């Protein structure tokens with residue numbers, strides 16, 4: 001590492017949405033060209049609720065990979081109130097599934113098949129303990145009376161502790177944390193079985209970026225961006241991490257432009273084209289570039305019990321102008337920070 005040059009172990013993205021069909025083909029190159037592995041979310045229009053559906057989705061993902069791309073997708077199972085112990089057993093025995101995803105019903109995109117009552121997941125979660133599958137949680141309360149800005153904190157305060165107590169051997173990832181309550185809870189948890197993914201948009205932006213100069217629908221996501229106080233606390237917690245509890249998960253969530261620039265815009269930030277330069281920018285601003293590799297390339301692999309990638313990736317201190325859009329069939333997708341300039345760029349080849 002020098003002032004203008006950075007070489008790190010190839011990163012992993014432990015939370016990404018690749019979608020399917022035309023969108024999958026358009027967005028996958030931005031992940032597979034940078035990341036060694038990615039944990040792909042199961043909330044498709046027809047959610048990935050069993051191994052058979054995961055196998056079909058894997059075929060579609062592999063068919064969409066760039067030629068010569070050295071990329072290993074990891075798949076996850078969508079938990080429903082009908083998930084059985086046998087379904088968990090099948091997932092654990094498959095080589096491609098490493099985690100199951102808990103979506104509170106109604107919390108985010110394609111979550112209508114999710115969970116209304118955690119008690120109905122007892123069989124599945126007990127089996128996950130027995131078969132050592134990781135639980136990834138979209139940690140937001142769906143209480144209709146709760147403010148959108150309080151949903152994560154309420155989940156962390158009132159739901160997460162009981163779940164962790166009830167299943168003491170279950171490894172859990174609190175996804176895309178956006179509040180100081182979530183960061184502090186993970187940081188203070190006495191066991192290494194709890195971790196969190198952190199997105200570049202929650203580390204870079206606050207709700208003023210979303211709402212302050214007119215509504216920017218391309219920054220609308222779940223969990224919603226919070227105040228500057230929360231943003232700074234999350235960044236500082238990540239930089240102070242000495243136990244490997246926080247790691248890269250972009251939650252890159254593409255939607256075509258027409259689904260974002262409309263009434264009732266879809267939630268999701270498409271960050272894959274800029275994620276690694278964004279993380280480099282954040283760590284540099286805090287004088288902590290030497291900690292970037294641990295966050296992007298080591299902590300997540302250790303938590304998921306995977307070997308570290310044996311390839312490397314290089315970044316150069318040079319201006320990188322983010323494209324204004326990405327073609328997607330007859331439509332387009334607007335990336336995070338579209339049209340803006342970042343100080344770091346990935347060295348091609």
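In full-length UniProt numbering, the protein residues as written are 1 to 349.
Backbone N, C-alpha and C define an ideal beta-carbon position, used for all residues, glycine too.
Everything numeric in this text was worked out from a predicted model, so none of it was measured.
Query: Run through DSSP, which three-state label would residue 332 get?; Result: strand
Query: Any idea if residue 175 is buried or exposed, counting beta-carbon neighbours within 10 angstroms, 16 or more meaning buried?; Result: buried
Query: So what does residue 321 bridge to, in DSSP terms?; Result: 341
Query: Classify residue 344 as buried or exposed, calling it buried when 16 or more other Cβ atoms lie within 10 Å of its own Cβ.; Result: buried
Query: So residue 57 is in the alpha helix (DSSP H); what residue range does that whole segment cover?; Result: 51-64
Query: Only counting runs of 4 or more residues, tell me where the alpha helix (DSSP H) segments fall wholly within the region 256-291, in order along the chain.; Result: 257-260 and 275-285
Query: Throw me the rounded Cβ distance for the residue 69 and residue 101 pair, which I believe falls under 8 Å.; Result: Contact flag wrong, Cβ pair sits at about 25 Å.
Query: Checking the sheet assignment: what are the DSSP bridge partners for residue 314?; Result: 7
Query: Which same chain residues, not among the five before or five after residue 169, have their C-beta less than 7 Å away from its C-beta?; Result: 129
Query: Within 8 Å, do at least three Cβ pairs link the region 197-207 to the region 268-284?; Result: yes
Query: Here's the rule I'm using: 16 or more other beta-carbon atoms within 10 Å means buried, otherwise exposed. How should residue 21 be labelled?; Result: exposed
Query: Can you tell which of 240, 8 and 205 has its C-alpha closest to the C-alpha of residue 229?; Result: 205
Query: Which one or two residues does DSSP pair with residue 76 in a beta bridge?; Result: 99
Query: Please name the residue or residues paired with residue 327 in a DSSP beta bridge.; Result: 332
Query: Ignoring anything shorter than 4 residues or poking outside the region 177-216, list the alpha helix (DSSP H) runs there in chain order.; Result: 180-188, 200-204 and 207-211
Query: Based on Cα-Cα distance, which residue from 3, 23 and 18 lies nearest to residue 256?; Result: 23
Query: From what residue to what residue does the beta strand (DSSP E) around residue 234 run?; Result: It is not in any beta strand (DSSP E) - residue 234 instead sits in the alpha helix (DSSP H) that spans 228-240.
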